[in-house]
Structure formats: structure tokens, C-alpha cells
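> With the first letter of the sequence shown counted as 1, position 84 gets the number 84 in UniProt numbering; the numbers rise by one all the way through.
Each residue gets a CB set at the ideal place from its N, CA and C atoms; glycine is no exception.
For reference, the structure I am asking about is given below.
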Amino acid sequence: MGSGGRAVERRTVNRGDGGSIPPTAVSKLGNFFTPHLPVSFGRDTKSRWSLLIIWYLVSWVPFHVVFDISTIDPERVPELVYTITFWLTYFNSTLNPFLYAFSNKDFQNAFKRVIKCQC
Numbered sequence: 001m002g003s004g005g006r007a008v009e010r011r012t013v014n015r016g017d018g019g020s021i022p023p024t025a026v027s028k029l030g031n032f033f034t035p036h037l038p039v040s041f042g043r044d045t046k047s048r049w050s051l052l053i054i055w056y057l058v059s060w061v062p063f064h065v066v067f068d069i070s071t072i073d074p075e076r077v078p079e080l081v082y083t084i085t086f087w088l089t090y091f092n093s094t095l096n097p098f099l100y101a102f103s104n105k106d107f108q109n110a111f112k113r114v115i116k117c118q119c
């Protein structure tokens, strides 16, 4: 019983592992215990991630192979091949922020709102 003869309700928030924490701790922690994955991690999302991984491999693996070979024997790698693979990695690094941003549904929706001036 609390002050004034009323029962004090003690609320807690379930952590998901059988324990619980007081709501004040939850408000201080924000969404610490909430996973930040999309609700539906469907085929569309998996295919986007697959394409991003393939793009990463296509961009970086040739450079690493060429670089390793050129480290061992520089005469084996033509200058043009080295230059192309080198710039391919820079191109990948330039596109990565855009590819990851546009593969995020929240970003896509926000970007559409900004383009339509619905801020």
C-alpha cells in the first residue's frame, strides 16, 4: 500500500529473457532491447543484400588478386589491368553510400517525401 491508503502499481517491462526492468530504465535506454531489423526480412530484402555482396566482391576481389600478383612479380600485371582494378575499388567506395541508402525502405520513403516537398 502506498501513501493515502492506495495500492501502488509497480509496472515493469519484459526484457524478453524472462527478466524485467522498470519503465524508467527503458525510457533512459531508449530502444536498446528492441532489435533494429525490419519486421519482414523477406525475399526482396535478401535479394538486395545478395546484390550488394556480389557488387562488393566484383569490385574488390579483382584488385586484391592483381595487387597480390603485382607484389610478388610486378612484371606479370599490365599497368592497364592494375589501373582498371584500382579505379573499380574507388568506384565501389563512391557508390556504396547510395546503394546502402537506397536499399533501406525507411530512407526510400523519406527521400520520396523530400522530393515531393512533404517535409
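Less than 9 Å between the beta carbons of phenylalanine 111 and phenylalanine 102, yes or no?
For the purposes of this step, residue 111 is taken as the residue at position 111 of the sequence shown. For the purposes of this step, residue 102 is taken as the residue at position 102 of the sequence shown. Yes, Cβ-Cβ distance for phenylalanine 111 and phenylalanine 102 is below 9 Å.
> For the alpha helix (DSSP H) holding arginine 113, just list the boundary residues, first then last.
As a position in the sequence shown, residue 113 is number 113, starting the count at 1. Segment 105-115, the alpha helix (DSSP H) holding arginine 113.
> When you compare the region 67-75 with the region 43-55, are there three or more beta-carbon pairs, one atom per stretch, that lie closer than 8 Å?
Not touching, per the Cβ criterion.
> Go ahead and label residue 128 buried or exposed: buried means 16 or more other beta carbons lie within 10 angstroms of its beta carbon, across all protein chains shown.
Outside the displayed span of the chain (1 to 119) sits residue 128, for which this structure offers no information.
> Rounded to the nearest angstrom, what separates leucine 99 and isoleucine 69 at their Cα positions?
Sequence index remark: in the sequence shown, residue 99 carries index 99 (1-based). Sequence index remark: in the sequence shown, residue 69 carries index 69 (1-based). Rounded to whole angstroms, leucine 99 to isoleucine 69 spans 30 Å at the Cα level.
> Keeping to the same chain, check which residues put their C-beta closer than 7 Å to that of tyrosine 82; ignore five residues upstream and five downstream.
Here residue 82 refers to the residue found at position 82 of the sequence shown. These residues qualify, in order along the chain: Val66 and Ser70.
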